[in-house]
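Visitor: Here the sequence shown is numbered in the UniProt record's numbering, starting from 9 and rising by one per residue.
Virtual Cβ for every residue (Gly too), placed ideally from N, Cα, C.
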Amino acid sequence: GTAQIGVTGLAVMGRNLARNFARHGYTVAVHNRTYARTQSLVTEHGDEGTFVPSESMADFVASLARPRKVVVMVQAGPATDAVIDELVPLLEPGDIVVDAGNAHFPDTVRREQALRAHGLHFVGTGVSGGEEGALNGPSIMPGGTAESYASLGPILEAISAKVDGVPCCTHVGPDGAGHFVKMVHNGIEYADMQLIAEAYDLLRQGLGASAPEIGEVFAAWNTGDLESYLIEVTAEVLAHTDAATGRPFVDVVADAAEQKGTGRWTVQNALDLGVPITGIAEATFARALSGSAPQRAAARGVLPADTLAWNVPEPGAFIEDVRLALYASKLVAYSQGFDQIAAASAQYGWDIDRAAMARIWRGGCIIRAKFLDRITQAYERNPELPLLIADPYFTAAVSNGVAAWRRVVAAAAAHGVPTPAFSSSLAYYDGVRAERLPANLIQAQRDFFGAHTYRRVDRDGVFHTDWSGDRTEQTW
Ligand code: NBP
């Protein structure tokens, strides 16, 4: 065979990835379970490059140059396993199977192990940016062996988004590292979206501003520290008018948020690792609360809303407070997400370079933003940095916003406006910087009822007090 790369699974994502490869001059073998999709790709876009269509998996594999590189872009879960099972007997040692779907990283770890036993490279790869990104340049997060990246990497880098000429693609780490990092990316996206939604709600309730007016505020914010794809999208959505009613579009959209599950995976993993990602967790739960129809119906008219009349005396100052609070909360959410990457990297032996992760998220993905450069710089200054907001730039940025942050969270609480992500981010900030937390009392309680022992501030060692007896202290 002569094709340099193959794509099997030609629904929206796979079709656009195949076109992206072809547009970059690669000869692309294409295959799909249902042949009609393969035919329509070649009929509609055959002029964009060189496609080699095959009806059978065997012909598809035979059309590829060795070592073969096969990108699998099918539904995550059993469909991915079915395609892998079909591929493996047709491949030879040294060939590379790339799973570019949204697999859960433990599945990727399992598949990598299974394919390694056949002498095959399995590269679980996060691909962000939706269908538009797949076609015009996504952020790409490949796991797998360094050996596989040597031949696969240049092709993926070629089709990835570029920022300042730098590809938004790098080798993340072994086995499940790529899909893990994509998962955390999505978790951070949840937090970022929730924070933006809370800022919108504060401006709506505090100022009585209309959606288009708030859209103008977001458009202005997009020229400063907050500049990002999500802020830009927010401004556009808020400015949009519903054709049917003539009302602002967001005013006719039902307020029950849905999710496909990557936020949940992120939070579940954070609980396993013991990493407090309060921003992502609150964002995931806020979506769940918004969708809790029976509970919301039961509360309506029974639990008094108590939203006090909110007359903000100086709208300009309030808008600036919300902006500062949003930026500080966002820094906390990102700091937490990068902590989770560090913890997973240590736990699973991945050696992930956090500076590089922030770099490949600058383009092609949903959380793309200028400020990610700041994160890269922080981890370049100190690759072992234990807390992002302890880096000098971020410490200054958070300190600059902290008074505004407190005013906004306090005012929201006083007026009955829920700000779970703003509030929990502030609580995290106050917790992580506290000289002394009330965990001393937790330890004392645990020792009282469960003899769980405690440490002392004045002496080394592990101690237990005989609570049910004479209350003398024993060294454990
Ligand atoms: P879908 O997730 O809708 O999957 C459809 C594709 O899977 C079709 O090619 C279909 O073949 C194939 N397929 C299925 Br379903 N079962 C199969 C089986 N047992 N054997 C072989 N093929 C099978 O496609 P998509 O929306 O393009 O998404 C592809 C992947 O990309 C998914 O993992 C998804 O989670 C991920 N994704 C990522 C983003 C992003 O922003 N990164 C966005 C959207 C999706 P058929 O044509 O014969 O039915």
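1) Can you check the stretch 235-264 for any alpha helix (DSSP H) of at least 4 residues that lies completely inside it and give the ranges in chain order?
2) According to the neighbour-count rule (16 or more other Cβ atoms, all chains shown, within 10 Å of its Cβ), is Thr-10 buried or exposed?
3) In the DSSP assignment, what are the bridge partners of Val-72?
4) Buried or exposed, going by whether 16 or more other CB atoms sit within 10 Å of the CB of Ala-452?
5) If you draw a straight line from the C-alpha of Tyr-208 to the C-alpha of Arg-45, how long is it?
6) Nearest to residue 1 by alpha carbon, out of Arg-124, Pro-146, Glu-120, Leu-99?
7) Which value, in whole angstroms, describes the spacing of the CA atoms of Leu-339 and Gly-345?
8) Exposed or buried, what is Pro-182 when buried is set at 16 or more other beta-carbons lying within 10 Å of its beta-carbon?
9) On the CB-based measure, 16 or more other CB atoms within 10 Å of its CB, does Asn-390 come out buried or exposed?
10) Determine which residues share a DSSP beta bridge with residue 519 and list them.
11) Just jot down, in chain order, the residues whose CB lies closer than 6 Å to any heavy atom of the ligand NBP.
12) Residues in the same chain with beta-carbon distance under 8 Å from Ala-73, minus the five sequence neighbours each way, listed in chain order, please.
13) Would you please verify whether the beta carbon of Thr-384 is less than 8 Å from any beta carbon of chain D?
14) Terminal residues of the continuous beta strand (DSSP E) containing Phe-59?
15) Would you please state the rounded distance, in angstroms, between the beta carbons of Trp-229 and Arg-370? I believe it to be under 8 Å.
16) Looking at the secondary structure, which residues open and close the alpha helix (DSSP H) in which Glu-155 lies?
17) So Ile-374 is in the alpha helix (DSSP H); what residue range does that whole segment cover?
18) Let me know the secondary structure DSSP gives Gln-482 once reduced to three states.
19) Which partner residues of Ala-37 appear in the DSSP bridge assignment?
20) Shortest alpha-carbon distance to Ser-431 belongs to which of Ala-111, Ala-289, Asn-110, Phe-402?
21) If Ala-125 and Met-81 are in contact, beta carbons under 8 Å, what's the gap, nearest whole angstrom?
22) Ala-377 and Ser-476 look like a contact to me (Cβ under 8 Å); what is the Cβ gap, rounded to whole Å?
23) Going by the DSSP bridge assignment, what does Thr-473 pair with across the sheet?
24) Runs of 4 residues minimum, wholly inside the stretch 301-387: which ones carry the alpha helix (DSSP H) assignment?
25) Candidates Ala-459, Arg-414, His-193: which alpha carbon is nearest Arg-272's?
26) Please name the residue in Thr-384, Val-106, Met-21, Trp-484 whose C-alpha comes closest to that of His-187.
27) Around the C-beta of Arg-464, are 16 or more other C-beta atoms found within 10 angstroms, so that it is buried, or is it exposed?
28) Near Ala-247, which residues of its chain fall below 6 Å by C-beta distance, leaving aside the five closest residues on each side in sequence?
29) Taking the beta carbon of Phe-457 as the centre, do at least 16 other beta carbons fall within 10 Å, making it buried, or is it exposed?
30) Tell me whether Ala-262, by its Cβ, gets closer than 7 Å to a heavy atom of the ligand GTP.
31) Since Gly-184 and Val-117 are thought to touch, with beta carbons under 8 Å apart, how far apart are those beta carbons, to the nearest angstrom?
32) Just to confirm before moving on: does the CB-CB distance between Ala-442 and Ala-341 stay below 8 Å?
33) Determine the direct distance from the alpha carbon of Asp-455 to that of Gly-161, and round the result to whole angstroms.
34) Would Arg-414 and Tyr-387 be called neighbours here (beta carbons separated by less than 8 Å)?
35) Between the C-alpha atoms of Val-131 and Val-36, what's the straight-line distance to the nearest angstrom?
36) From the DSSP output, in three-state form, read off Lys-77 for me.
Guide: This is what the structure holds:
1) For the stretch 235-264, whole alpha helix (DSSP H) runs of length 4 or above, ordered along the chain, are 237-247.
2) exposed
3) The question names Val, but residue 72 is Leu in the sequence shown. DSSP lists Ala-11 as partners of Leu-72.
4) exposed
5) 42 Å
6) Any property of residue 1 remains undetermined from this structure, which presents the chain solely from 9 to 484.
7) 10 Å
8) Buried, since its Cβ has 16 or more Cβ neighbours within 10 Å.
9) exposed
10) Look at the range of the chain in this structure, 9 to 484, and you will see that residue 519 is not part of it.
11) Gly-17, Leu-18, Ala-19, Val-20, Met-21, Gly-22, Asn-40, Arg-41, Thr-42, Arg-45, Met-81, Val-82, Gln-83, Ala-84, Ala-87, Ala-90, Val-91, Gly-109, Asn-110, Val-135, Ser-136, Gly-137, Gly-138
12) Gly-9, Thr-10, Ala-11, Gln-12
13) Absence of chain D from the displayed structure is noted, only one protein chain being present.
14) Boundaries of the beta strand (DSSP E) harbouring Phe-59: 58-61, taken from the DSSP string.
15) The pair is not a contact, with the Cβ atoms about 19 Å apart (cut-off 8 Å).
16) 154-167
17) Boundaries for Ile-374: no alpha helix (DSSP H) harbours it, and the DSSP string shows neither H nor E there.
18) strand
19) Paired residue(s): Gly-14, Val-60.
20) Ala-289
21) That pair is no contact at about 24 Å.
22) With a Cβ gap of about 56 Å, Ala-377 and Ser-476 do not count as contacting.
23) Glu-481
24) 301-307, 323-356, 362-368
25) For the residues Ala-459, Arg-414, His-193, the minimum Cα distance to Arg-272 belongs to His-193.
26) Among Thr-384, Val-106, Met-21, Trp-484, the Cα nearest to that of His-187 belongs to Val-106.
27) exposed
28) Cβ neighbours of Ala-247 beyond the five flanking positions: Pro-220, Gly-223.
29) exposed
30) Of the ligands one can find in the structure shown, namely the ligand NBP, none is the ligand GTP.
31) Rounded, the Cβ-Cβ distance is 4 Å, consistent with contact.
32) no
33) Their Cα atoms are separated by approximately 53 Å.
34) no
35) In this model, Val-131 and Val-36 are separated by some 18 Å (Cα to Cα).
36) strand
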